[in-house]
Amino acid sequence: MLHGLCVLAGLISVFLLVEVLYQVIHGASPAISRFGLSFIGHSRWAANFGDFGAAGPLFGTVASSLMALVIATPLGIAIGLYLSMMAAPPVRAVVGPLVEMLAAIPSVIVGFWGVDVLAPFVAKHLEPFLHDAFGFIPLFGPPQTTGLSVFSAGLGLALMILPIVAALSRDLFLTVPIDLKEGAAALGATRWEIIRGVVLPTTISGVAAATVLGLGRALGEAIAVLQIIGDGSGIHSSLFLPGISLASSVANNFQYSENKLEIPALFYLALILLVIGLTTSLLARWIAGRFDVQRTLAR
Amino acid sequence: MTGVSDTFARHPSLPDPTAPLTASGNLRRRTIVSRAIEVTATASAVVAVAMLIDIAWTVIHKGAPVLSFGFLTQNSNGLAGGGIANALLGTLVIVGFAALLALPVGILTGLYLTEFAGPRSRLANALKMVLDLLQGLPTIIVGIVVYGLIVSAQRKQTGFAGAIALAIIMLPLIARSSQEVLTLVPGSLREAADALGVDHWRAVVGVILPAAAGGIATGAILSIARAAGETAPLLIVNSLYNPSQTQLEIFGQGVPSIPMYIYTTYDLPAPSAIARAWGAALVLLVAILAANVGARVLLARSRAKMGMR
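The listed protein sequences correspond, in order, to chains A and B. If you're matching positions, the first sequence starts at 236 in this note's numbering and goes up one per residue. If you're matching positions, the second sequence starts at 4 in this note's numbering and goes up one per residue.
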């Protein structure tokens with residue numbers, strides 16, 4: 236009896252996933268039959284002309300998420316190393332939960348913090364500095380006044396996925412057998428040599444999976460990105476210009492759709508996001524192998 | 004008979020064993036590299052904690068001035084002012100209803116994975132993958148799925164649709180955390196129950212579930228805290244409501260909520276409205292962080308309890 240009830244509960248999850256796939260594809264089907272695959276490469280989004288394309292949001296999603304990944308991965312691994320190998324136990328017991336609490340802050344609050352604190356700082360200090368120092372790279376174009384940009388969104392996302400990468404890599408580093416670490420130390424290895432020679436090689440697949448999970452979280456974030464990214468359009472080489480992402484475009488336009496094809500077009504954006512998201516989840520599972528990283532994430 | 008010092012005198016290339024033990028040359032370089040990495044790692048942790056403090060300080064600094072008894076007990080009055088009482092009640096009702104749906108299903112799923120499925124069960128492995136995929140789903144997609152499933156069929160936004168969306172977000176979190184806790188229940192408990200000839204389902208209900216209750220509650224609290232702060236799905240399925248009315252009848256209309264209050268009030272063209280948005284953000288943040296701390300304490304206590312047995 237209980238066995239059957241449990242199986243039934245499990246099947247609800249399976250039903251939900253099927254329903255997700257069906258609803259998104261079904262909702263997008265008018266747009267798919269109207270625009271086809273060229274939707275993905277088309278960069279104009281003009282609701283009053285019934286002209287829709289995913290290239291702009293796709294670019295915003297990829298650019299901001301990759302930026303978040305580039306910043307959060309080394310920082311997160313470093314924090315994981317600090318918490319697992321360097322911090323004294325009382326310090327670890329305080330700093331570890333604090334870092335994890337960063338992940339508990341609702342995205343709408345991170346978003347407003349981004350608008351009120353992060354963006355002015357970026358506009359006043361980071362953008363001029365990066366433009367002066369690295370202006371020859373097109374990514375760092377002329378500074379803008381508001382600071383609401385793909386760049387700021389990337390920073391905000393980095394902050395949101397940092398605790399995920401940090402907590403997961405800490406847990407992974409703690410699984411490395413103490414014998415291996417002490418063996419290396421007995422051979423005269425310094426702490427960095429223990430990390431590079433023993434800790435990282437034995438956990439590298441798990442760490443890679445953790446970063447992919449972080450990437451998945453960044454790709455799907457809608458509200459915080461919508462607030463920080465500045466609601467721009469098109470594709471620009473400079474990260475300092477406003478943009479839009481797949482998830483934030485859906486959040487922004489769904490309520491006030493102006494064209495009967497706009498909702499299906501937004502479902503189409505969601506379908507692209509869903510495909511990318513499911514791919515990263517499966518990739519993380521595949522890379523992680525024996526490490527069950529996703530289970531740690533549920534805590 | 005030659006002494007040690009003679010050996011070294013005859014071979015000047017060997018290091019002097021009487022020299023003080025300080026790192027030099029290669030070892031010195033290796034130590035410096037290692038120290039530099041340690042400093043970088045420590046600095047990274049400092050940066051993360053500083054960010055948390057900066058966000059918390061911003062919310063407190065901007066939100067605390069509007070906090071008052073009236074702010075918590077009055078309904079919102081749009082631009083004119085008012086409080087968050089109806090949004091607070093709405094969030095409690097929506098999240099409570101979502102928890103009512105997601106908790107039993109999630110815990111039963113966890114039970115299936117640990118107690119009923121064999122270690123090589125195909126169905127269990129497929130189910131774990133499904134849960135991972137659901138957990139990785141962007142919450143905005145959960146929103147539009149519920150829109151397609153319920154809102155577009157009913158032709159109206161309801162608190163019920165919002166609760167379903169939050170339940171879908173909570174379900175994989177609860178299932179996975181229950182599963183994790185249940186695998187930690189000592190095998191000796193199961194064996195003791197088996198040895199007494201107790202039916203398996205009785206052992207589960209009477210022995211295994213009580214042993215894991217603390218840990219399951221921890222997971223439940225954390226998932227509820229996560230769902231309470233979700234904005235994206237509510238924006239899609241439960242954002243049309245009368246913002247100055249208390250609305251608890253979730254099946255008929257949209258129900259106000261704290262995240263939507265923060266999101267919409269911040270955009271009102273008045274500085275006092277922005278201050279109220281920060282005030283609501285402070286209330287939400289305090290509740291969520293308190294839930295997180297509480298869950299941690301609970302987890303530590305239930306771990307200690309299990310370790311003692």
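Just so it is clear, CB atoms sit at the ideal spot from N, CA and C, and this is done for glycine as well.
Outcome for residue i when other beta-carbon atoms lying within 10 angstroms are tallied against a minimum of 16
i, result
"A:T515", "buried"
"B:P262", "buried"
"B:A195", "exposed"
"B:A293", "exposed"
"A:A547", "Nothing can be reported for residue 547 of chain A: it is not among the residues displayed for chain A, which extend from 236 to 534."
"A:M302", "buried"
"B:N29", "exposed"
"A:W521", "exposed"
"B:M4", "Below a pLDDT of 50, predicted positions are generally treated as unreliable, and B:M4, at 48, falls in that range; the measurement from the model is reported next regardless. The residue is exposed, with fewer than 16 neighbouring Cβ atoms inside 10 Å."
"B:P236", "buried"
"A:S387", "buried"
"B:F72", "exposed"
"B:Y264", "buried"
Distance CB(residue i)-CB(residue j) smaller than 7 Å
i, j, result
"B:L103", "A:L240", "no"
"A:V433", "A:A419", "yes"
"A:F500", "A:V485", "It is Ala, not Phe, that sits at residue 500 of chain A in the sequence shown. Not a contact, by the Cβ cut-off of 7 Å."
"B:A170", "B:A101", "yes"
"B:Y266", "B:T221", "no"
"B:A278", "B:I87", "no"
"B:Y150", "B:V240", "yes"
"A:S473", "A:G376", "yes"
"A:T446", "A:L407", "no"
"A:V330", "B:A164", "no"
"A:I267", "A:A393", "no"
"A:P341", "B:G232", "yes"
"B:P141", "A:L337", "no"
"B:Q182", "B:G113", "yes"
"B:S37", "A:W280", "no"
"B:A90", "B:S247", "no"
"B:I153", "B:A230", "no"
"A:V385", "A:S299", "yes"
"B:N295", "A:A263", "no"
"A:V352", "B:T34", "no"
"B:A303", "B:L82", "no"
Residue i beta carbon near the ligand MG (any heavy atom closer than 6 Å)
i, result
"A:G465", "Looking for the ligand MG in the displayed structure turns up nothing, as the structure carries no ligands at all."
Neighbour list for residue i in chain B, Cβ cutoff strictly below 7 Å
i, result
"A:M336", "L55, L292, N295"
"A:L397", "A51"
"A:A298", "Ordered by position in chain B, no residue passes the 7 Å Cβ test against A:A298, which lies about 17 Å from the chain."
"A:P332", "R299"
"A:W427", "V36, S37, I40"
"A:E254", "V148, L152"
Under 7 Å by beta carbon: chain A residues contacting residue i
i, result
"B:F119", "H238, C241"
"B:G217", "Result: empty, since nearest Cβ-Cβ is about 14 Å, beyond 7 Å."
"B:I172", "Within 7 Å Cβ-Cβ: nothing; B:I172 doesn't reach chain A, min ~11 Å."
"B:L114", "C241"
Residues that residue i contacts on chain B, provided the C-beta gap is smaller than 9 Å
i, result
"A:G262", "I147, V148, Y150, G151, S155"
"A:F294", "Going along chain B, no residue has its Cβ under 9 Å from A:F294, so there is no contact; the nearest lies around 17 Å."
Run of the alpha helix (DSSP H) containing residue i, from where it starts to where it stops
i, result
"B:S180", "162-187"
"A:Q462", "458-464"
"A:H277", "Segment: none, A:H277 is in no alpha helix (DSSP H) and carries neither H nor E."
"A:F270", "237-270"
"B:A53", "28-66"
"B:S2", "This structure cannot settle anything about residue 2 of chain B, because the visible part of chain B is limited to 4 through 312."
"A:M371", "In the sequence as displayed, the identity of residue 371 of chain A is Phe instead of Met. Note, A:F371: premise wrong, no alpha helix (DSSP H); not H, not E."
"A:H360", "Here A:H360 belongs to no alpha helix (DSSP H), and DSSP marks it neither H nor E."
"A:T446", "435-455"
"B:Y266", "261-268"
"A:G516", "The question names Gly, yet the displayed sequence has Ser at residue 516 of chain A. Taken as a continuous stretch (DSSP letters only), the alpha helix (DSSP H) holding A:S516 covers 497-523."
"B:D135", "125-138"
"B:P213", "212-231"
"A:L397", "385-409"
"A:L333", "324-337"
"B:T142", "142-149"
"A:I344", "342-348"
Residues bridged to residue i (per DSSP)
i, result
"B:P85", "The sequence as given places Gly at residue 85 of chain B; Pro does not occur at that position. B:G85 is bridged to B:S79."
"A:D538", "It is not possible to answer for residue 538 of chain A, since the shown part of chain A is limited to 236 through 534."
Per-residue contacts from residue i into chain B (C-beta, under 8 Å)
i, result
"A:D466", "Chain B residues near A:D466: none, gap ~12 Å exceeds 8 Å."
"A:Y503", "Simply none; closest approach about 11 Å."
Within chain A, the residues that residue i reaches when beta carbons sit closer than 9 Å
i, result
"B:T142", "S342, G455, E456, A457, I458, A482"
Amino acids of chain A, ordered along the chain, whose beta-carbon sits closer than 8 Å to that of residue i
i, result
"B:I2", "Because chain B in this structure spans residues 4 to 312, residue 2 of chain B falls outside the shown range and cannot be described."
Given a limit of 9 Å on CB to CB distance, which residues of the region 74-108 of chain B reach chain D? No chain D is present in this structure, whose protein chains are A and B.
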